[in-house]
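**Q** Top line first, the protein sequences correspond to chains A and B. Once you know that position 49 of the first sequence is 49 in this note's numbering, the rest is easy, because the numbers rise by one and skip nothing. For any residue, its number in this note's numbering is found by taking its place in the second sequence, counting from 1, and adding 1000. Heads up, the beta-carbon is just placed ideally off N, CA and C, and yes, glycines get one too.
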Amino acid sequence: MLRYISLISFFLLYLFQASAQDDNTFSQDSEEEETNVIKEREKRDPPSNRGISIGINAGTFIIAAFEPSRIGTEATLRYGFKNHFFAVAEGGFEQVKFEKDVYDYKSTGEFLRIGFDYNLFNVDEEDNNDNVLLGLRYGVGMNDYASPRFSIKENYWGDYTGSIPSNISTAHWAEFMFGLRTEVLKNFYMGWSFRLRRLIALEGIDTFEPYVIAGYGRADNKTNLSFTYTLEYHIPFKRRK
Amino acid sequence: MLYLFISSCNNDDIYLSNQQAVQASFYTVRESGEVKDTVVYSLFAYGLENDKILDNDTVDASSLFLPLDLNSNQTQWVLNTIKSTGTFSATITFEYEKELDFVSGNSGMTQNIILKKVSHTGSFIDSVVISYPNINYDENQENVKIYIPN
C-alpha cells in the first residue's frame, strides 16, 4: 500500500513541478514580450518626449553683453507627444534704446513663436534622453517704437532735425531650426540651436521701420541667422502600462 | 539669442550729407535748333540768405549740385559767371515738397524732395525747366536743365 502511495505522490509531484515549470516559462515569455513592446514603443516615442518642459533662453543675456542697447528675455514651453514630436511655444520681450549722431531710438516689443521640433535621435542606451532636433516655427512680434530725435545732415544750409512719434508695427516670419538638447542632470536639459529666420511681412510701418523686431532680430535683414542657448526643466508624464 | 546676421555691414553706414541737392546741367540752343550741353566758365554760386560761395571756388562747369534748404520749402541760388565784359548773375528759385524717408537702421532718415516749381531772374539764363522732379536718396538723375544764351 505504501508503495502505491509513494508512486502516486511522485506522480503528483512531477505533475505539479511540470505545471509550475510551464507557468514559469509562460511568465518569462510574457515578461520578455512586454519588455519588447515597451522597448519598441519607447523607440517610437522616447521617454524624454513625454512631458512638459519649461525653460529660458540664456542667449538673450549673451546678446545683451555684446549689445548693451538691447535687453530682453525669452521663455520656452515644450510639450512632448508621440512619435518624436514636440510642440513648442517661445515667447518674450525685448527693449532697445540707443543714441546715435543721426538718430535716437527706443522700442519695446513682445513676440511669440509657435511650432514643432522633430527628434532625429534614436538610441538604445537606457536613460539617454538626448535629442537632435529639426524644427519649424511661425513667429509674430509687435513693436512700439519711436525716434525722439533725428538729424539729417546738410552741410551748406544746416542740418534738419525732428522727432518721430511712437508707432506700433507687427512682423510675421517663418523660422527653421536645428539644435541639440541634452539631459545634464535628472530632468534638467541644456540645449542650443541655430535659427534661420525669413521675414514674411512687416505691417503698420508709418515713417520708418523698427531697428530690431523682437524675437526676429534686425529689421533691415530679410533673413536673419541666430542662435539660442536654452536651459529647461522637464516635468515627465508617467506612461500607462 | 545670439544674433548672427547674414548680411554684411551695410555700406550706407555714413552720414547722408548733400543727398538733397538739385542736379542741374547747362545747355544752349543753337540757331539750327539743336540743343547741346555746354560749359559755363568761371562760375560761382551762393545761396540767397547764406552768401557762402558753394565749394568756396570758381569753376568751369557743365553741371552742378545745388543743395536745398531742408528747413524750408523754397531755396534760392545766385549763379554768377565772370566774363571779360563783367560778371553776370541770375537767381534761380526752387519750390519743393519734402517727404521724410527711412534709409536704414544704421543711416537713419533722409528727406526725399519733389520739385514743384522752378523760376529765374537775370539775363545770364534764358530759361530753366524741370527734367526730373524727384530728388531721392541714392539716385543720380539730372533734375533741372538750365538754358544759357548762345
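By the criterion of Cβ-Cβ separation under 8 Å, what are the contact partners of B/L1054 in chain A?
**A** B/L1054 reaches chain A at Y156, counting residues in chain order whose Cβ is nearer than 8 Å.
**Q** What residues from the segment 1100-1128 of chain B come within 7 Å of chain A, judged by C-beta to C-beta, listed N to C?
**A** L1100, F1102, S1104, G1105, S1107, G1108, M1109, T1110 and Q1111
**Q** Using a Cβ cut-off of 8 Å, which residues of the segment 218-234 of chain A contact any Cβ in chain B, in chain order?
**A** R218, A219, D220, N221, T223, N224, L225, S226, F227, T228 and Y229
**Q** Determine the DSSP secondary structure at A/I52, reduced to helix, strand or coil.
**A** Of the three classes helix, strand and coil, the one that applies to A/I52 here is strand, per DSSP.
**Q** At 8 Å on the CB atoms, spell out the chain B contacts of A/I152, in chain order.
**A** Residues of chain B passing the Cβ test: L1016, Q1020, L1070, G1108, M1109, T1110 and Q1111.
**Q** Check whether the Cβ of A/T182 lies closer than 8 Å to any Cβ atom in chain B.
**A** no
**Q** Under the DSSP definition of a beta bridge, which residues are partnered with A/F237?
**A** Note: A/F237 sits in no beta bridge, so no partner.
**Q** From the beta carbon of B/N1050, is the nearest beta carbon of chain A less than 8 Å away?
**A** yes
**Q** What residue range is occupied by the uninterrupted alpha helix (DSSP H) comprising A/T60?
**A** G59 to F66
**Q** So A/G51 and A/F237 are supposed to be a Cβ contact under 8 Å. How far apart are they, rounded?
**A** Between A/F237 and A/G51 the Cβ distance is about 5 Å, and since that is below 8 Å, they are a contact.
**Q** Which residues of the segment 102-124 of chain A have a Cβ closer than 9 Å to any Cβ of chain B? Give them in chain order.
**A** V102, Y103 and Y105
**Q** Less than 8 Å between the C-beta atoms of A/D130 and A/T108, yes or no?
**A** no
**Q** Unbroken beta strand (DSSP E) runs of length 3 or more, entirely within the segment 63-114 of chain A: which are they?
**A** 70-81 and 85-99
**Q** Looking at B/N1136: is its Cβ nearer than 8 Å to the Cβ of B/A1024?
**A** no
**Q** Restricting to Cα atoms, I'd like to know which of A/P148, A/G191, A/S147 and A/G217 is closest to A/W173.
**A** A/G217
**Q** Express the C-alpha separation of B/V1029 and B/K1036 in angstroms, rounding to a whole number.
**A** Their Cα atoms are separated by approximately 6 Å.
**Q** Which residues share a DSSP beta bridge with B/A1090?
**A** BP columns for B/A1090 point to B/L1079.
**Q** Sort B/L1115, B/I1114 and B/T1093 by Cα distance to B/E1049 and report the nearest one.
**A** B/T1093
**Q** How should B/V1039 be labelled, buried or exposed, when 16 other C-beta atoms within 10 angstroms of its C-beta is the threshold for buried?
**A** exposed
**Q** Quick one: Cα of A/E74 to Cα of A/F93, how far?
**A** 7 Å
**Q** Output yes if chain A places a C-beta closer than 8 Å to the C-beta of B/P1067; else output no.
**A** Yes, contact with chain A.
**Q** I want to verify the contact list: residues of chain A whose CB lies under 9 Å from the CB of B/G1086, in sequence order.
**A** Near B/G1086 there are no residues of chain A at all, since even the closest Cβ is about 27 Å away, more than 9 Å.
**Q** Name the chain B residues that come within less than 7 Å of A/Y287, Cβ to Cβ?
**A** For chain A, the structure presents residues 1 to 241; residue 287 of chain A sits outside this window and is missing.
**Q** Relative to the C-alpha of A/W192, which residue among A/S226, A/E99 and A/Y138 is closest?
**A** A/S226
**Q** Any contact of the segment 1069-1080 of chain B with the segment 184-201 of chain A, i.e. 3+ C-beta pairs under 8 Å?
**A** no
**Q** What does a CB cutoff of less than 6 Å around A/R195 pick up in its chain, not counting 5 residues either side in sequence?
**A** E175, M177 and S226
**Q** What three-state label does DSSP hand B/N1056 in the structure shown?
**A** B/N1056: helix per DSSP, three-state reduction.
**Q** Using beta carbons (cut-off 8 Å, strictly below), is A/T207 in contact with chain B?
**A** yes
**Q** Shorter than 8 Å from the beta carbon of A/Y211 to some beta carbon of chain B?
**A** Chain B, which has a Cβ nearer than 8 Å to the Cβ of A/Y211, makes this yes.
**Q** To the nearest angstrom, report how far apart A/I168 and A/I205 are at their CA atoms.
**A** 8 Å
**Q** Which residue comes first and which comes last in the beta strand (DSSP E) that contains A/E203?
**A** F188 to E203
**Q** Just to check my reading of the structure: B/F1026 and B/I1146 have Cβ atoms closer than 8 Å, yes? What is that Cβ distance to the nearest angstrom?
**A** 5 Å
**Q** Name the one or two DSSP bridge partners that A/V123 has.
**A** Paired residue(s): none; A/V123 is not in a bridge.
**Q** When you compare the segment 1052-1060 of chain B with the segment 1100-1117 of chain B, are there three or more beta-carbon pairs, one atom per stretch, that lie closer than 8 Å?
**A** no
**Q** Could you name the residues of the same chain whose beta carbon sits closer than 6 Å to that of A/T170, not counting the 5 residues immediately before and after it, in chain order?
**A** M142, E203 and G204
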